[in-house]
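Everything in the sequence shown is counted per our numbering, starting at 75 for the first residue and increasing by one. Glycine residues also receive a C-beta, built at the ideal position from the N, C-alpha and C atoms.
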Amino acid sequence: MLPLTGEGAPHWRTLVAHQRPEWPSPAELGDVTDHLAALPPLVTPQECDTLTAQLAQAAEGKAFLLQGGDCAERFDHLSTRAIHGKTRLLQRMAVILTYASSVPVVKVGRMAGQYAKPRSRPTETVDGRTLPVYRGDAVNGIGFSQAERRPDPARLLRMYDASRHTLDVMRAFARDGTDLRQLHKENQDFVSRSPAGARYDELASRIGQALSFNDACGGLPLRTTELFASHEGLLLDYEAALTRHNPRSGRRYAGSGHMLWIGDRTRQPDGAHVAYFATIDNPIAVKVGPATTPEQALALIDRLDPDRRPGRLTFIVRMGADRVRYLLPELVEKVTASGAPVVWVCDPMHGNTFEAPGGHKTRRFDDILAEVAGFFDVHKALGTHAGGLHLELTGEDVTECVGGGTDLGFDDLHRRYESACDPRLNGGQALDLAFLVAEMFNPEATGAVAPDAAVNGAARGARHSNSPA
Ligand code: PEP
Ligand code: CO
75 MLPLTGEGAP HWRTLVAHQR PEWPSPAELG DVTDHLAALP PLVTPQECDT
125 LTAQLAQAAE GKAFLLQGGD CAERFDHLST RAIHGKTRLL QRMAVILTYA
175 SSVPVVKVGR MAGQYAKPRS RPTETVDGRT LPVYRGDAVN GIGFSQAERR
225 PDPARLLRMY DASRHTLDVM RAFARDGTDL RQLHKENQDF VSRSPAGARY
275 DELASRIGQA LSFNDACGGL PLRTTELFAS HEGLLLDYEA ALTRHNPRSG
325 RRYAGSGHML WIGDRTRQPD GAHVAYFATI DNPIAVKVGP ATTPEQALAL
375 IDRLDPDRRP GRLTFIVRMG ADRVRYLLPE LVEKVTASGA PVVWVCDPMH
425 GNTFEAPGGH KTRRFDDILA EVAGFFDVHK ALGTHAGGLH LELTGEDVTE
475 CVGGGTDLGF DDLHRRYESA CDPRLNGGQA LDLAFLVAEM FNPEATGAVA
525 PDAAVNGAAR GARHSNSPA
């Protein structure tokens, strides 16, 4: 039998790549990938290694990953304002989580490359008319017409340009730095305006006191800068064209983003995605859904991190609020027993999606919070580390998820529903979540009563009268 990793392993091109678009013209695709192969990579190996080192800390509980951004980025929504909004929101959440966790928060955007979507069905039917499904701006258009839905490889070049532009903006913000005091002031304004704000008041004051203490001690200039880019590495033709090999070091990096992940639908241990990911040296992640068996998780570790390099492999768990407590323990136990140093991250979004009565895809804030609480509780019980959060969010004031401090209901969803794919937390809901997750780290330091009471209280506050039971 052929080995699945290392020398002699089958090339990913010879394996099944699930979710690969039906590109109409292989010649046209070839021209595009040749063009991409001649362009500079978007990220450097050093930056990728820096992130791996920070994730190695997260694996040990000495850092916490905050990864977030759109479900699907859009070419038409590429604005400095929107990039700034997401960056700023991640920074503001990080201030709260850093204080609560007492460890550095590693910020990674679902940004600068999140343009391709795996889909459950290949087609979509509207008013009796069936067309290929939208697969993200990197593949086809969202408009419901035959022309729009035709996969167009030229879109891969637009993906590269849009990603480069986004990274340029992210890097400029990072260079300028952000004053922690200013971020804290914005959080305090949120607390004073939010209907649920009273509940966060104590924690916000404690963060303010900590910042003052640091100033009084002539402490470090409190600036927060670094932000990494990540996306699902779904389109292997694009990823391979941007992969660069350094013959001197012998290392090979995906140049499309710092961290790439494999989706829950493409994580087959003998599939093309796993085979390609095994060949790159970036920090990588795999989405782990409710169907994942411990044996599959261990097979993924063997294929993707045979050397057990800390920070190399992250498991992003997305079980659903009702399942995480009974499905996660066995996975964590068996992986831990194998000695693999994976980072355990909670994606409380993708296992909690449903259709609202008006037809919008949505998620309940309560469910999101409950999945995070379950994830934290499992790790606490096993003595392992809750290493981070993976969220779909935007700084814009959209109405896509229900609940949260302002108690958005099903009737509000039509007001500003802009996601091309899954519903995101808006800025206020994301901050609500950061404050409530903060209470899970250390209830005493954050002024919370007790973790269970905190979660139940928030669930009550966030429940909307329209929510079905
Ligand atoms: C996503 O992150 O948007 C996604 C499709 O996730 P998953 O692979 O977990 O379904
Ligand atoms: Co999504």
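Residue range 439-456 is occupied by the alpha helix (DSSP H) that includes GLU445. Rounded to whole angstroms, the Cβ separation of CYS145 and CYS420 is 17 Å, and the two are not in contact under 8 Å.
Counting along the chain, VAL117 sits inside no alpha helix (DSSP H), nor does DSSP assign it H or E at all. Within 10 angstroms of the beta-carbon of SER330 lie 16 or more other beta-carbons, which makes it buried.
Runs of the beta strand (DSSP E) lying entirely within the stretch 161-238, each at least 3 residues long, are 179-184, 197-200, 203-206 in chain order.
Annotated as proximal: GLY479 and SER268, with beta-carbon spacing under 7 Å. In the DSSP assignment, ALA303 falls within the unbroken beta strand (DSSP E) covering 302-306.
Sequence-distant Cβ neighbours of ALA91 in its own chain, meaning closer than 6 Å and more than five residues away, are LEU310, ALA346.
For LYS361, the secondary structure class from DSSP, reduced to helix, strand or coil, is strand. Here the residues close to the ligand CO, judged by CB distance below 5 Å to any of its heavy atoms, are CYS145, ASP496 in chain order. Per DSSP, reduced to three states, the secondary structure at GLU429 is strand.
Put simply, of LEU205, VAL169, MET233 the residue whose alpha carbon is nearest the alpha carbon of TYR189 is MET233. Taking 6 Å as the cut-off, one finds at least one heavy atom of the ligand PEP near enough to the beta carbon of HIS424. Distances from the CB of ARG273 to the heavy atoms of the ligand PEP are all 6 Å or more. Taking 3 residues as the minimum length, the beta strand (DSSP E) runs contained wholly in the stretch 454-511 are 462-466, in order along the chain. For ILE354, the closest C-alpha among the options HIS319, VAL362, ASP338, GLY363 is that of HIS319.
In this model, ALA130 and PRO196 are separated by some 38 Å (Cα to Cα). Burial is judged here by how many other beta carbons sit within 10 angstroms of a residue's own beta carbon; GLN93 has at least 16 and is buried. Of the heavy atoms belonging to the ligand PEP, none sits nearer than 6 Å to the Cβ of GLY394. The C-alpha of THR154 is placed about 28 Å away from the C-alpha of PRO422. At a Cβ-Cβ threshold of 7 Å, ARG383 and GLY425 do not count as neighbours. Per DSSP, ARG94 lies in no alpha helix (DSSP H) and is assigned neither H nor E.
Sequence-distant Cβ neighbours of GLU492 in its own chain, meaning closer than 6 Å and more than five residues away, are VAL472.
Put simply, of TRP86, GLY143, ARG397 the residue whose alpha carbon is nearest the alpha carbon of GLU470 is GLY143.
If you look at THR107, you'll find it in the alpha helix (DSSP H) that goes 100-111. Under the DSSP assignment, HIS258 falls in the alpha helix (DSSP H) whose first and last residues are 254-267.
GLY433 has its CB no nearer than 6 Å to any heavy atom of the ligand PEP. The shortest C-alpha to C-alpha distance from ASP211 to any of GLU518, PRO192, THR199 is the one to PRO192. LEU139 is bridged by DSSP to VAL180, GLY462. In terms of CA proximity to GLY502, ALA270 leads the group ALA270, VAL446, VAL243.
Under the three-state reduction of DSSP, VAL416 is assigned to coil, being neither helix nor strand. With a threshold of 6 Å, the Cβ atom of GLY187 does not count as near the ligand PEP, since no heavy atom of the ligand is closer than that. Counted as a single uninterrupted DSSP element, the stretch harbouring ILE354 is not any alpha helix (DSSP H), since DSSP gives it neither H nor E. Taking the C-beta atoms as reference points, LEU316 is found no nearer than 7 Å to PRO100. Under the 8 Å Cβ criterion, the stretch 363-372 does not count as touching the stretch 104-121, having fewer than three qualifying pairs.
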